[in-house]
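Chemist:
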């Protein structure tokens, strides 16, 4: 019989999924902890395709202070740090500051079932919500040229092949874009020419890029200030 290995990262990811988030995980360590913990360029690119990055670090201040500057390098999305030290300690040892912190979330070798552990997961959700709300406020000052949700509906109605994708979320909605789980080479030219309304195409309001996740398509919706279009 195969048993799930309890790990704080799994519990955090599973808990925020229950709240409606779409999560992906990247392992930082290649064997044992501080000396060889790392991210490669592909992993950094994948993280930057998301709305936010949550780093779940260990229990020791010296390890976090020494290694986190390397782990955060090249990450351009908002960052939240979780770790065994207190929130105040994390804020003190991490320089430059990140967007959010939740302390007292270290390593533990059991599933989170007790009430105080679930309270800790609720704190993580609260901090994620706070950071994303702040990002939404910034986006609202120069909004996307088209709503990501509307773009998803248009693609779903005009690209029949999307309904043949076996993934639970063939199109993942993000704050300023979409990830479409169709092969880039075949479908990117098709998506570019889809008309949203009044002759305005997706290619006019969004960058259509190859995702670093498999052979998927990444749509980055351009802000209004760049296109002077709002549809």
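In my numbering, the protein residues as written are 757 to 987. Ideal Cβ placement from N, Cα and C applies to all residues, glycine included. In this text the structure is predicted, and so the values were computed from the model without any measurement.
(1) Which residues does DSSP list as the beta-bridge partners of residue 812?
(2) Inspect the CB distances between the stretch 898-911 and the stretch 950-968 and report whether three or more fall short of 8 angstroms.
(3) What residue range is occupied by the uninterrupted beta strand (DSSP E) comprising residue 965?
(4) For residue 841, I'd like the list of residues in its chain whose CB is within less than 6 angstroms of its CB, leaving aside the five on either flank, ordered along the chain.
(5) Classify residue 928 as buried or exposed, calling it buried when 16 or more other Cβ atoms lie within 10 Å of its own Cβ.
(6) Hey, how far is the Cα of residue 988 from the Cα of residue 917?
(7) Using only the alpha-carbon positions, how far apart do residue 834 and residue 808 sit?
(8) Give the DSSP bridge partners of residue 975, in chain order.
(9) Here's a check: name, in chain order, each residue in its chain whose Cβ is nearer than 6 angstroms to the Cβ of residue 798, leaving out the five neighbours to either side.
(10) Taking the CB atoms as reference points, tell me whether residue 795 and residue 768 lie closer together than 8 angstroms.
(11) What's the C-alpha gap between residue 961 and residue 984?
(12) Here's the rule: buried if 16 or more other CB atoms are within 10 angstroms of the residue's CB, otherwise exposed. What is residue 776?
(13) Which one or two residues does DSSP pair with residue 951 in a beta bridge?
(14) My output table needs one value for residue 939: the three-state DSSP class, helix, strand or coil.
(15) If we ignore side chains and look at the alpha-carbon of each, how far apart do residue 931 and residue 974 end up?
Modeler: Checking against the coordinates, here is how it stands:
(1) If you number the chain shown from 1, residue 812 lands on position 56. According to DSSP, residue 812 bridges with 838.
(2) yes
(3) Translated into positions along the chain shown, residue 965 becomes position 209. Residue 965 -> beta strand (DSSP E) spans 962-966.
(4) Walking along the chain shown from the start, residue 841 turns up at place 85. Hits under 6 angstroms: 817 and 859.
(5) By 1-based counting over the chain shown, the position of residue 928 is 172. So residue 928 counts as buried.
(6) The displayed coordinates of the chain run from 757 to 987. Any statement about residue 988 would go beyond what the structure contains.
(7) The residue you call residue 834 lines up with position 78 of the chain shown. The residue you call residue 808 lines up with position 52 of the chain shown. Approximately 5 angstroms, taken between the alpha carbons.
(8) Start at 1 with the first residue of the chain shown, and residue 975 comes out as number 219. Paired residues: 934 and 964.
(9) Here residue 798 is taken as the residue at index 42 of the chain shown, counted from 1. Once the five neighbours on either side are set aside, the close Cβ partners of residue 798 are 968.
(10) Taking the first residue of the chain shown as position 1, residue 795 is located at position 39. Taking the first residue of the chain shown as position 1, residue 768 is located at position 12. Result no, Cβ atoms of residue 795 and residue 768 do not sit closer than 8 angstroms.
(11) Reading the chain shown from its first residue, position 205 is the one you call residue 961. Reading the chain shown from its first residue, position 228 is the one you call residue 984. Those two C-alpha atoms are separated by around 9 angstroms.
(12) In the chain shown, the residue the question calls residue 776 occupies position 20. Exposed, by the Cβ-count rule.
(13) Taking the first residue of the chain shown as position 1, residue 951 is located at position 195. 957, per the DSSP bridge assignment.
(14) Here residue 939 refers to the residue found at position 183 when the chain shown is read from its first residue. Looking at residue 939 - three-state DSSP - the assignment turns out to be coil, as it is neither helix nor strand.
(15) Within the chain shown, residue 931 is the residue found at index 175, counting from 1. Within the chain shown, residue 974 is the residue found at index 218, counting from 1. Rounded to whole angstroms, residue 931 to residue 974 spans 13 angstroms at the Cα level.
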